[in-house]
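*Asks:*
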Amino acid sequence: MTSGNDELRAAYQRVSQMPFGAGQIAAVEQLVRQADAGGDQELAFAVRMLGTSAYTYGGEPAKSFVTFSWCLADYDRNPQPYHQQFVHTLLWHFKHMVNALLDFPEVPLERTYAVLDDMERRYREGGHSLQAVYKYRHLVARHRGIEEESEEWYRKWTTAPRDELSDCAGCDPSGRVRHLVATGQTEAAVVLAEPVLAGQLTCNEQPQGILTSLLVPYLRAGRREQARDAHRQAYRRLRGNLADLGSIGDHVEFCALTGNDSRGLEIVERHLDWLDRAPSPAAAMSFAAAAALVLRRLDRGGHGLLTVHRRGHGDREAADLPVGVLADELARFATGIADRFDERNGTASQSTWIARRLAAEPIGEHLPLSATARRREPSRPTADPAAVGPEVVGPEAVGPEGEGRSGTTARTVAPTVPPVPTPDDIPATATVAELLDLADQHWNTERYEHLQVVLAVFEQRFDATDLTARDEARWVEFQAVRQVLAQDRIAAIALVRRAVQIYQDVADPGREWVVTGRLGVLLCQTDQEAEGLPLVESAVTYLAAHGSRAEAAAMYDRSAMALAGLQRWEEALDAVDRAAEVAAEAGDPYLSARIVLRRAICLQALERYPEAREAATQARQDYRALGMAERLAAACICHAQTLDDPAEVRDALDEALTFATGEGALHARIGRARASVALRRPEDAVEDFVEAVALCAEQGIVEGSAFLRFELANAYRLADRMLDAAEVAEEAILELDRLGHQGDADRCRHLLADVYRELGEGQLALSLLDQLAENLDGPDNLAHRAQVLEEAAELLYAQDRDALAAQRFGSAAVAYGLIGLALDESRARRREADARHWAGEPEAALAAVDRAEAVLATLPAEAAEEPATIWESSMVADCAARALVASDRAEEALRRIEDVPRRLRSIEAFGEALQVELLAGEVLLRLDRLVEAERMLRTTLAGLPTGSGVVRRAAWLLAQALGRLGRTAEAEALRREHDLETEG
Numbered sequence: 003m004t005s006g007n008d009e010l011r012a013a014y015q016r017v018s019q020m021p022f023g024a025g026q027i028a029a030v031e032q033l034v035r036q037a038d039a040g041g042d043q044e045l046a047f048a049v050r051m052l053g054t055s056a057y058t059y060g061g062e063p064a065k066s067f068v069t070f071s072w073c074l075a076d077y078d079r080n081p082q083p084y085h086q087q088f089v090h091t092l093l094w095h096f097k098h099m100v101n102a103l104l105d106f107p108e109v110p111l112e113r114t115y116a117v118l119d120d121m122e123r124r125y126r127e128g129g130h131s132l133q134a135v136y137k138y139r140h141l142v143a144r145h146r147g148i149e150e151e152s153e154e155w156y157r158k159w160t161t162a163p164r165d166e167l168s169d170c171a172g173c174d175p176s177g178r179v180r181h182l183v184a185t186g187q188t189e190a191a192v193v194l195a196e197p198v199l200a201g202q203l204t205c206n207e208q209p210q211g212i213l214t215s216l217l218v219p220y221l222r223a224g225r226r227e228q229a230r231d232a233h234r235q236a237y238r239r240l241r242g243n244l245a246d247l248g249s250i251g252d253h254v255e256f257c258a259l260t261g262n263d264s265r266g267l268e269i270v271e272r273h274l275d276w277l278d279r280a281p282s283p284a285a286a287m288s289f290a291a292a293a294a295l296v297l298r299r300l301d302r303g304g305h306g307l308l309t310v311h312r313r314g315h316g317d318r319e320a321a322d323l324p325v326g327v328l329a330d331e332l333a334r335f336a337t338g339i340a341d342r343f344d345e346r347n348g349t350a351s352q353s354t355w356i357a358r359r360l361a362a363e364p365i366g367e368h369l370p371l372s373a374t375a376r377r378r379e380p381s382r383p384t385a386d387p388a389a390v391g392p393e394v395v396g397p398e399a400v401g402p403e404g405e406g407r408s409g410t411t412a413r414t415v416a417p418t419v420p421p422v423p424t425p426d427d428i429p430a431t432a433t434v435a436e437l438l439d440l441a442d443q444h445w446n447t448e449r450y451e452h453l454q455v456v457l458a459v460f461e462q463r464f465d466a467t468d469l470t471a472r473d474e475a476r477w478v479e480f481q482a483v484r485q486v487l488a489q490d491r492i493a494a495i496a497l498v499r500r501a502v503q504i505y506q507d508v509a510d511p512g513r514e515w516v517v518t519g520r521l522g523v524l525l526c527q528t529d530q531e532a533e534g535l536p537l538v539e540s541a542v543t544y545l546a547a548h549g550s551r552a553e554a555a556a557m558y559d560r561s562a563m564a565l566a567g568l569q570r571w572e573e574a575l576d577a578v579d580r581a582a583e584v585a586a587e588a589g590d591p592y593l594s595a596r597i598v599l600r601r602a603i604c605l606q607a608l609e610r611y612p613e614a615r616e617a618a619t620q621a622r623q624d625y626r627a628l629g630m631a632e633r634l635a636a637a638c639i640c641h642a643q644t645l646d647d648p649a650e651v652r653d654a655l656d657e658a659l660t661f662a663t664g665e666g667a668l669h670a671r672i673g674r675a676r677a678s679v680a681l682r683r684p685e686d687a688v689e690d691f692v693e694a695v696a697l698c699a700e701q702g703i704v705e706g707s708a709f710l711r712f713e714l715a716n717a718y719r720l721a722d723r724m725l726d727a728a729e730v731a732e733e734a735i736l737e738l739d740r741l742g743h744q745g746d747a748d749r750c751r752h753l754l755a756d757v758y759r760e761l762g763e764g765q766l767a768l769s770l771l772d773q774l775a776e777n778l779d780g781p782d783n784l785a786h787r788a789q790v791l792e793e794a795a796e797l798l799y800a801q802d803r804d805a806l807a808a809q810r811f812g813s814a815a816v817a818y819g820l821i822g823l824a825l826d827e828s829r830a831r832r833r834e835a836d837a838r839h840w841a842g843e844p845e846a847a848l849a850a851v852d853r854a855e856a857v858l859a860t861l862p863a864e865a866a867e868e869p870a871t872i873w874e875s876s877m878v879a880d881c882a883a884r885a886l887v888a889s890d891r892a893e894e895a896l897r898r899i900e901d902v903p904r905r906l907r908s909i910e911a912f913g914e915a916l917q918v919e920l921l922a923g924e925v926l927l928r929l930d931r932l933v934e935a936e937r938m939l940r941t942t943l944a945g946l947p948t949g950s951g952v953v954r955r956a957a958w959l960l961a962q963a964l965g966r967l968g969r970t971a972e973a974e975a976l977r978r979e980h981d982l983e984t985e986g
């Protein structure tokens, strides 16, 4: 475009680079008004051409009818030279028109056929292939359901030669795939698409278009993982664009076909309001029918109480609608549109298709789609409430410790554990005392499932009239144990108080103090240490003097447990060491093992890792010998937490996960996942993090789940599974924001921005980085803010949006300057200068260079000679020289870099030195100092490593110098050597 209005021309360029959507549409419409007001016919034409694309891809195709018609009429009525640069695009837009006209039932078919006829005439007159014309005639016939006509146009389309007006390498096969699927040729559709997906697809509609077309073919062909990946990759690209509402409907249907109604509901809720501004009736019909399918499945599957919030629109008030009610409404809506299409088309094609979609049934078994979904179910169910990890105090408050219960599939053979008895296994002749003694046995050996069976039998066989006062006290103790296992310590405290009172009444001070000590521990665990700790201390004193060695050792151990819960680790360690001494005299291996594990936990908390490691190793050996699988798992987890070598950590947790479930399994999964990350085994980490997220869900640990999703996203990123990483990071950010953890959410945003970059979703990455920069507006966050701004600038620079990149680099420099990071500030200014250079702003580039040099000048003399400073100042000089050359100040440019190669070589930056010398040679050539240029360029070329990306550039410049010196034979030889014939 050669318009003389520089300001409007620059605005046109900016608008053309905007992403499709409402923002670009508003900018186009404003520019149309400005161009018309200024009487600039060329700009008015160019902006309306841009508008046709903006409306088509931005979700308002009906408006494109006006801009297209205006441009076509202007082209025909008033031919101008500037029209010629738009001819190809104008002919291309005919295809948009056919698609759009077909999507509005109020538009008569005659109008669509007239556009097709005009399209064919113009393609013929221009000498173009009719391949695209045949394709769009096929699409009209297929839309109407006229099979023979559709087949005939399909044959012509697929046999006609392609040319520059044919749809792209992704869109053309997408249409063929849809035809093959509609005619039952599923395998052929999949085979056709494979080479297309293996190539490079750069069209706005790809690869999401062809991947969406393949959803059902993949399912029917049994390629379920490919179907899953196609859905997740394509939906990500579609979800932010209103224009893709119809295709989003295909993904909602896919959720129903794969048994993912909950995920389908999430998508419906996300896009439901788009129906109020649907791009076309066809898109609204597709989405509404798919949404009705998912909502009906939920209603009929027992989830009829679920509601969907729908915002108000026009006269309709906002409401939370039951899924069944909304399903019926959307089904009527979709069917009504289909009837309108059928009336226009003279066939029942559209209503038949909608009825088929509304009645669709799943294809095959459930296909997990979420990146946090287990790929398989756990081999055993989650344990009962006794399953707690080593950091959590268990039922030992009223009895021996109780941590993780036996669980998942293992590679290690589990210790031999007596089978859990059934009520029939307990002799019918057992007395009250015998059953209580049996309960004591299971209690002391921490067989809690066995204990529960015995207590249930006791309740069935005896009542209060059968018990002596002492029996009643023992029974009340066991009832307290039950409450602790059920995580109800308040109820347990009341029962223990009652047991203490009974022992006082029967004058049994030994049992009274044993139970009093347990009461003290429970009180400490429930933030009542003011009452509880003195009771613990008194019980220790009494039992140390009057109790058995086992009772005294157990009380010391409980004292350690109470102190540990209060974070008084030194005192806890003193108590556990005393417990170990006394336990050695008691001869109880179960008690001794418990004390060793407690000691390991205390030593770990005190960061005395070698001793903790030794104690945990001993605990593992003891519990393995005792056959206590759940306690062995706890010891393994504790041992892992004392280890430095991640390989050793994995080994310990491998054994733990042989037996652990519940919270113990959760700790083990997390620890093993982190060890796998450290070992650069991200796929193994993914498996454990996924399981840990599932365990959090089962146990209602909401915050833990959010943080684990963050770690899972990073593991997916490290495993190069970027789609999974993006999905999980997005979930984590939502949860972390909801929970008020903005700092962690921002860290996750930073990770997600990297993932978006890897996925080629630059605009999403940029939006995240901009949000991060806004969030990090406090003085304590300036370093991170500067980093984020610089990353955003890099992204813009890579997209050739140089002016915007320069602004971000400048903002980053300001932030670096505020915290005194001079080299970082200089780097950002230098990069700003480079971006302004490529944006065609040489004076602004030189101003940025001046700022960079001013920053470097503030460094002390000793810092100026450090390698990092020498490198940075050299790169600033190189940047300045390039800006000066662009400003036709070549002599000054040469002076700027005169001493730079020597300084770079002084810090062994040889590659950079050669690059600067290449620039110097180019400047000499520009100044017509040919002898000096030839000498410089020859030296530089000789120094460049073979295969270097700049070798051909250096050879080309040298050949230019030789040619201008009249040494044409040498120049030609050089061109042949470096395959530069076409560049000579």
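So the mapping is simple: my numbering equals the position in the sequence shown, first residue as 1, plus 2.
Ideal placement from N, C-alpha and C gives every residue a C-beta, glycine not left out.
Between LEU575 and ALA614, what straight-line distance do the alpha-carbon atoms span, to the nearest angstrom?
*Replies:* By 1-based counting over the sequence shown, the position of residue 575 is 573. By 1-based counting over the sequence shown, the position of residue 614 is 612. Spanning the two alpha carbons is a distance of roughly 11 Å.
*Asks:* CB GLU792 to CB PHE811, shorter than 8 Å?
*Replies:* Your numbering for residue 792 matches position 790 in the sequence shown. Your numbering for residue 811 matches position 809 in the sequence shown. Yes; because the gap between Cβ atoms is below 8 Å, this pair is in contact.
*Asks:* Where does ALA171 sit, in a helix, a strand or coil, going by DSSP?
*Replies:* Translated into the one-based positions of the sequence shown, residue 171 becomes position 169. Coil at ALA171, not helix or strand.
*Asks:* From ALA835, VAL851, ASP852, HIS786, pick the residue whose C-alpha is nearest to that of LEU820; which is it?
*Replies:* For the purposes of this step, residue 820 is identified with residue 818 of the sequence shown, where counting begins at 1. Taking only the C-alpha atoms, the option nearest LEU820 is HIS786.
*Asks:* Any contact between the region 867-887 and the region 900-910? By contact I mean 3 or more CB pairs, one from each, below 8 Å.
*Replies:* Yes, the region 867-887 touches the region 900-910.
*Asks:* Going by beta-carbon coordinates alone, are PHE106 and TYR59 separated by less than 8 Å?
*Replies:* In the sequence shown, the residue the question calls residue 106 occupies position 104. In the sequence shown, the residue the question calls residue 59 occupies position 57. Their beta carbons are not under 8 Å apart, which means PHE106 does not touch TYR59 by this criterion.
*Asks:* Tell me whether GLY401 is buried or exposed, calling it buried when 16 or more other Cβ atoms sit within 10 Å of its Cβ.
*Replies:* Here residue 401 refers to the residue found at position 399 when the sequence shown is read from its first residue. Residue placement at GLY401 is poorly supported in this model, since its pLDDT is 48, which falls under 50; the coordinates are not used for a value here.
*Asks:* Please report the straight-line C-alpha distance between LEU194 and ALA670, rounded to a whole angstrom.
*Replies:* As a first step, residue 194 is located in the sequence shown; it is residue number 192 there, counting from the start. As a first step, residue 670 is located in the sequence shown; it is residue number 668 there, counting from the start. If you take the alpha carbons of LEU194 and ALA670, they lie about 46 Å apart.
*Asks:* Need the endpoints of the beta strand (DSSP E) that ASP322 sits in, please.
*Replies:* The residue you call residue 322 lines up with position 320 of the sequence shown. Here the beta strand (DSSP E) through ASP322 covers 321-324.
*Asks:* Pick helix, strand or coil for THR58, following the three-state DSSP scheme.
*Replies:* Residue mapping note: residue 58 aligns to position 56 of the sequence shown, counting from 1. Three-state DSSP puts THR58 in a helix.
*Asks:* Between ASN206, ALA236, LEU92, which has its C-alpha nearest LEU167's C-alpha?
*Replies:* Reading the sequence shown from its first residue, position 165 is the one you call residue 167. Of the listed residues, the one whose Cα sits closest to LEU167 is LEU92.
*Asks:* Could you pull the start and end residues of the beta strand (DSSP E) that HIS311 belongs to?
*Replies:* Here residue 311 is taken as the residue at index 309 of the sequence shown, counted from 1. From DSSP, the beta strand (DSSP E) with HIS311 extends over 309-312.
*Asks:* Run through DSSP, which three-state label would THR411 get?
*Replies:* Working through the sequence shown from its first residue, we reach residue 411 at position 409. With a pLDDT of only 32 at THR411, under 50, the local geometry of the prediction cannot be trusted, and no value is derived from it.
*Asks:* Taking only runs that begin and end inside the region 885-948, name each unbroken beta strand (DSSP E) of 3 or more residues, in chain order.
*Replies:* For the region 885-948, not a single whole beta strand (DSSP E) run of length 3 or above is found.
*Asks:* Output yes or no for whether 8 Å exceeds the beta carbon distance between GLU729 and ARG234.
*Replies:* Here the question's residue 729 lines up with position 727 in the sequence shown. Here the question's residue 234 lines up with position 232 in the sequence shown. For GLU729 and ARG234, yes; Cβs fall inside 8 Å.
*Asks:* Less than 8 Å separating the beta-carbons of LEU300 and ASP252?
*Replies:* Taking the sequence shown and counting its residues from 1, one reaches residue 300 at position 298. Taking the sequence shown and counting its residues from 1, one reaches residue 252 at position 250. Not in contact: LEU300 and ASP252 (Cβ atoms no closer than 8 Å).
*Asks:* Would you say LEU274 and VAL310 are within 8 Å of each other, going by their C-beta atoms?
*Replies:* On the sequence shown, position 272 is the one that residue 274 refers to. On the sequence shown, position 308 is the one that residue 310 refers to. Closer than 8 Å, so yes.
*Asks:* Terminal residues of the continuous alpha helix (DSSP H) containing GLU363?
*Replies:* Position 361 of the sequence shown, counted from the first residue, corresponds to residue 363. First-last for GLU363: undefined, no H or E at that position.
*Asks:* Count Cβ pairs between the region 542-557 and the region 507-516 that sit closer than 8 Å; are there 3 or more?
*Replies:* Yes, the region 542-557 touches the region 507-516.
*Asks:* Would you say the region 649-660 touches the region 671-678, given that touching needs at least three Cβ pairs under 8 Å?
*Replies:* In short, these stretches touch, since the Cβ pair count reaches three.
*Asks:* Does the region 127-143 come within contact of the region 204-219, defined as at least 3 CB pairs closer than 8 Å?
*Replies:* Output reads no: the region 204-219 does not touch the region 127-143.
*Asks:* Going by Cα to Cα distance, which pick from LEU858, ASP344, TRP958, GLU127 is closest to HIS145?
*Replies:* Here residue 145 refers to the residue found at position 143 when the sequence shown is read from its first residue. The candidate whose alpha carbon is nearest that of HIS145 is ASP344.
*Asks:* Does the beta-carbon distance from LEU929 to ALA892 come in below 8 Å?
*Replies:* Position 927 of the sequence shown, counting from 1, holds the residue named residue 929. Position 890 of the sequence shown, counting from 1, holds the residue named residue 892. Going by C-beta atoms, LEU929 is nearer than 8 Å to ALA892.
*Asks:* Measuring straight from C-alpha to C-alpha, what distance separates CYS698 and LEU103?
*Replies:* Mapped onto the sequence shown, residue 698 falls at position 696. Mapped onto the sequence shown, residue 103 falls at position 101. One C-alpha to the other measures close to 51 Å.
*Asks:* Taking DSSP's pairing of strands, which residues face HIS315 in a bridge?
*Replies:* As a position in the sequence shown, residue 315 is number 313, starting the count at 1. Its beta-bridge partners are ARG318.
*Asks:* Would you call the region 442-458 in contact with the region 490-502, where contact means no fewer than 3 C-beta pairs closer than 8 Å?
*Replies:* The region 442-458 is not in contact with the region 490-502.
*Asks:* Measure from the alpha carbon of ALA595 to the alpha carbon of each residue in LEU766, GLU632, GLU974, then state which is nearest.
*Replies:* Start at 1 with the first residue of the sequence shown, and residue 595 comes out as number 593. The shortest C-alpha separation from ALA595 is found at GLU632.
*Asks:* So, is THR114 buried or exposed, given that buried needs 16 or more other C-beta atoms within 10 angstroms?
*Replies:* In the sequence shown, counting from the first residue as 1, residue 114 sits at position 112. So THR114 ends up on the buried side.
*Asks:* Grab me the residues of GLU112's own chain with a C-beta within less than 6 Å of its C-beta, minus the 5 sequence neighbours each way, in chain order.
*Replies:* Within the sequence shown, the letter at position 110 stands for residue 112. Closer than 6 Å at Cβ, skipping near neighbours: no residue.
*Asks:* Do you know offhand how far ASP739's Cα is from ALA258's?
*Replies:* Your numbering for residue 739 matches position 737 in the sequence shown. Your numbering for residue 258 matches position 256 in the sequence shown. Approximately 30 Å, taken between the alpha carbons.
*Asks:* Between which two residues does the alpha helix (DSSP H) carrying THR69 extend?
*Replies:* Along the sequence shown, read from residue 1 onward, the residue named residue 69 stands at position 67. 63-79 is the extent of the alpha helix (DSSP H) around THR69.
*Asks:* By a C-beta neighbour count over all protein chains shown, 10 Å radius and 16 as the cutoff for buried, is ASN987 buried or exposed?
*Replies:* The structure shown does not extend to residue 987, since the chain is modelled only from 3 to 986, so the question has no answer here.
*Asks:* From the DSSP output, in three-state form, read off PRO987 for me.
*Replies:* This structure leaves residue 987 out entirely; the chain is present only between 3 and 986.
*Asks:* Hey, out of ALA292, TYR558, ASP317, whose CA is closest to ILE356's CA?
*Replies:* Position 354 of the sequence shown holds residue 356. Comparing Cα positions, the closest option is ALA292.
*Asks:* Which same chain residues end up closer than 6 Å to PRO684 when comparing Cβ atoms and leaving out the 5 residues on each side of it in sequence?
*Replies:* As a working note, residue 684 is residue 682 in the sequence shown. Once the five neighbours on either side are set aside, the close Cβ partners of PRO684 are ALA717, LEU720, ALA721.
*Asks:* Applying the criterion that 16 or more other CB atoms from any shown protein chain within 10 Å of the CB defines a buried residue, is LEU141 buried or exposed?
*Replies:* Here residue 141 is taken as the residue at index 139 of the sequence shown, counted from 1. Buried, by the Cβ-count rule.
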